[in-house]
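Before any comments, here is the structure.
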Amino acid sequence: RRLIAVMAGMKSNQERSEEAEKIMNYGFQNFDNYLILAEDEVADEVPVWYGKEDFVPVGVAKDLIKTFSVDKLATAKAKVVYQTPLKAPILKGEQVGEIVVEYDGQLTTYPLVAKQEVKKVNLFGKFIANLQYVIGKKQ
(Lines of atoms letter the chains of each structure in order from A; the text may use other names.)
(Lines give C-alpha, C1' and ligand atoms only; values in the text may rest on other atoms or scores of the structure.)
Protein backbone atom coordinates (compact mmCIF):
# COMPACT_ATOMS: atom_id res chain seq x y z
CA ARG A 608 0.00 0.00 0.00
CA ARG A 609 1.26 3.45 -0.83
CA LEU A 610 0.42 6.82 0.56
CA ILE A 611 1.50 10.02 -1.13
CA ALA A 612 1.55 13.40 0.59
CA VAL A 613 2.05 16.74 -1.12
CA MET A 614 2.67 19.59 1.25
CA ALA A 615 2.50 23.25 0.27
CA GLY A 616 2.46 26.52 2.15
CA MET A 617 4.86 25.49 4.90
CA LYS A 618 7.42 27.97 6.23
CA SER A 619 10.34 25.54 6.37
CA ASN A 620 11.50 22.08 5.36
CA GLN A 621 11.31 21.03 9.03
CA GLU A 622 7.63 22.03 9.25
CA ARG A 623 6.90 20.31 5.92
CA SER A 624 8.53 17.07 7.16
CA GLU A 625 6.67 17.14 10.47
CA GLU A 626 3.27 17.72 8.83
CA ALA A 627 3.94 15.05 6.18
CA GLU A 628 4.83 12.57 8.93
CA LYS A 629 1.60 13.36 10.80
CA ILE A 630 -0.50 12.83 7.69
CA MET A 631 1.29 9.60 6.77
CA ASN A 632 0.88 8.21 10.30
CA TYR A 633 -2.82 9.08 10.19
CA GLY A 634 -3.21 7.30 6.85
CA PHE A 635 -1.41 4.12 7.95
CA GLN A 636 -3.27 3.96 11.28
CA ASN A 637 -6.79 4.69 10.00
CA PHE A 638 -6.94 3.04 6.55
CA ASP A 639 -6.16 -0.45 5.35
CA ASN A 640 -6.49 -2.61 2.24
CA TYR A 641 -9.15 -5.33 2.30
CA LEU A 642 -9.66 -8.26 -0.06
CA ILE A 643 -13.23 -8.14 -1.37
CA LEU A 644 -12.95 -11.19 -3.66
CA ALA A 645 -9.94 -13.29 -4.60
CA GLU A 646 -9.19 -14.21 -8.21
CA ASP A 647 -9.67 -17.93 -7.49
CA GLU A 648 -12.98 -17.50 -5.59
CA VAL A 649 -16.41 -18.05 -7.12
CA ALA A 650 -18.79 -15.19 -6.36
CA ASP A 651 -21.92 -16.94 -7.67
CA GLU A 652 -23.24 -19.62 -10.01
CA VAL A 653 -25.28 -18.03 -12.81
CA PRO A 654 -27.95 -19.96 -14.77
CA VAL A 655 -27.16 -20.55 -18.45
CA TRP A 656 -29.76 -21.00 -21.21
CA TYR A 657 -28.96 -23.35 -24.12
CA GLY A 658 -25.64 -24.32 -22.55
CA LYS A 659 -24.07 -27.73 -22.09
CA GLU A 660 -23.82 -26.71 -18.42
CA ASP A 661 -26.84 -25.40 -16.48
CA PHE A 662 -24.73 -22.92 -14.49
CA VAL A 663 -21.46 -21.03 -14.94
CA PRO A 664 -19.28 -19.98 -12.00
CA VAL A 665 -18.47 -16.25 -11.98
CA GLY A 666 -15.91 -14.10 -10.18
CA VAL A 667 -13.19 -11.52 -10.82
CA ALA A 668 -10.26 -11.73 -13.24
CA LYS A 669 -7.79 -10.52 -10.58
CA ASP A 670 -7.95 -9.99 -6.81
CA LEU A 671 -10.39 -7.22 -5.92
CA ILE A 672 -8.75 -5.14 -3.19
CA LYS A 673 -10.14 -1.87 -1.83
CA THR A 674 -8.83 0.61 0.73
CA PHE A 675 -11.31 1.39 3.51
CA SER A 676 -11.30 3.52 6.62
CA VAL A 677 -10.96 1.18 9.61
CA ASP A 678 -13.83 2.83 11.50
CA LYS A 679 -16.23 2.68 8.51
CA LEU A 680 -15.42 -0.85 7.35
CA ALA A 681 -18.72 -2.20 8.66
CA THR A 682 -20.63 0.06 6.25
CA ALA A 683 -19.00 -1.49 3.16
CA LYS A 684 -21.23 -3.74 1.04
CA ALA A 685 -20.64 -5.71 -2.15
CA LYS A 686 -23.20 -7.34 -4.42
CA VAL A 687 -23.10 -9.32 -7.64
CA VAL A 688 -25.26 -7.98 -10.50
CA TYR A 689 -26.05 -9.81 -13.75
CA GLN A 690 -28.87 -10.46 -16.23
CA THR A 691 -30.16 -14.02 -15.93
CA PRO A 692 -30.19 -16.43 -17.57
CA LEU A 693 -27.02 -16.00 -19.60
CA LYS A 694 -27.22 -17.35 -23.14
CA ALA A 695 -24.58 -19.85 -24.29
CA PRO A 696 -21.94 -19.88 -25.64
CA ILE A 697 -19.94 -18.19 -22.89
CA LEU A 698 -16.16 -17.82 -23.05
CA LYS A 699 -13.90 -18.14 -20.03
CA GLY A 700 -13.02 -14.60 -18.91
CA GLU A 701 -16.01 -13.04 -20.70
CA GLN A 702 -17.69 -10.25 -18.73
CA VAL A 703 -21.16 -11.40 -17.68
CA GLY A 704 -22.04 -8.80 -15.05
CA GLU A 705 -20.60 -6.53 -12.38
CA ILE A 706 -19.63 -6.49 -8.75
CA VAL A 707 -20.92 -3.31 -7.13
CA VAL A 708 -19.07 -2.12 -4.01
CA GLU A 709 -20.85 0.47 -1.87
CA TYR A 710 -18.78 2.36 0.67
CA ASP A 711 -19.35 5.68 2.37
CA GLY A 712 -22.20 6.54 -0.03
CA GLN A 713 -20.19 5.85 -3.19
CA LEU A 714 -20.77 3.02 -5.67
CA THR A 715 -17.87 1.49 -7.59
CA THR A 716 -18.32 -1.27 -10.19
CA TYR A 717 -15.90 -3.99 -11.25
CA PRO A 718 -16.25 -6.57 -14.05
CA LEU A 719 -17.73 -9.97 -13.18
CA VAL A 720 -16.33 -12.67 -15.48
CA ALA A 721 -17.09 -16.29 -16.33
CA LYS A 722 -14.64 -18.65 -14.63
CA GLN A 723 -15.11 -21.39 -17.24
CA GLU A 724 -16.31 -21.83 -20.80
CA VAL A 725 -19.85 -23.04 -21.46
CA LYS A 726 -20.52 -24.40 -24.94
CA LYS A 727 -23.83 -24.16 -26.73
CA VAL A 728 -26.06 -27.24 -26.97
CA ASN A 729 -27.04 -28.70 -30.35
CA LEU A 730 -30.53 -28.53 -31.88
CA PHE A 731 -31.74 -31.57 -29.91
CA GLY A 732 -30.46 -29.98 -26.68
CA LYS A 733 -32.41 -26.80 -27.46
CA PHE A 734 -35.53 -28.88 -27.99
CA ILE A 735 -35.09 -30.61 -24.61
CA ALA A 736 -34.40 -27.26 -22.86
CA ASN A 737 -37.54 -25.73 -24.37
CA LEU A 738 -39.60 -28.78 -23.40
CA GLN A 739 -38.30 -28.61 -19.80
CA TYR A 740 -39.17 -24.92 -19.68
CA VAL A 741 -42.72 -25.57 -20.90
CA ILE A 742 -43.38 -28.32 -18.35
CA GLY A 743 -41.82 -26.22 -15.58
CA LYS A 744 -38.63 -28.17 -14.79
CA LYS A 745 -36.28 -25.39 -15.87
CA GLN A 746 -36.43 -21.72 -14.98
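In the numbering used here, each number is its position in the sequence shown, counted from 1, plus 607.
Glycine included, every Cβ here is placed at the ideal spot set by N, Cα and C.
Contact defined as beta carbons within less than 8 Å: I believe isoleucine 672 pairs with leucine 642. What is the distance between those atoms, to the nearest angstrom?
With a Cβ gap of about 6 Å, isoleucine 672 and leucine 642 count as contacting.
In terms of residue numbering, what span does the beta strand (DSSP E) encompassing glutamate 620 cover?
Checking the displayed sequence, the identity of residue 620 turns out to be asparagine instead of glutamate. Asparagine 620 -> not in any beta strand (DSSP E); alpha helix (DSSP H) instead, spanning 620-637.
Mind checking whether tryptophan 656 and lysine 694 have CB atoms under 9 Å apart?
yes
Among residues of its own chain, excluding the 5 on either side of valine 663, which ones have a beta-carbon nearer than 8 Å to its beta-carbon?
Glu652, Val653, Val655, Leu693, Ile697, Val703, Ala721, Lys722, Gln723, Val725
Would you mind giving the Cβ-Cβ distance between threonine 716 and glutamate 705, rounded to the nearest angstrom? I have them listed as a contact below 8 Å.
5 Å
Keeping to the same chain, check which residues put their C-beta closer than 8 Å to that of leucine 714; ignore five residues upstream and five downstream.
Val707, Val708
Quick check on the DSSP output: the beta strand (DSSP E) that includes glutamate 709 runs from which residue to which?
702-710
Please classify glutamine 713: does DSSP put it in a helix, a strand, or coil?
In the structure shown, glutamine 713 sits in a strand (DSSP, three-state: E or B).
What are the residues that DSSP puts in a beta bridge with alanine 685?
Val708
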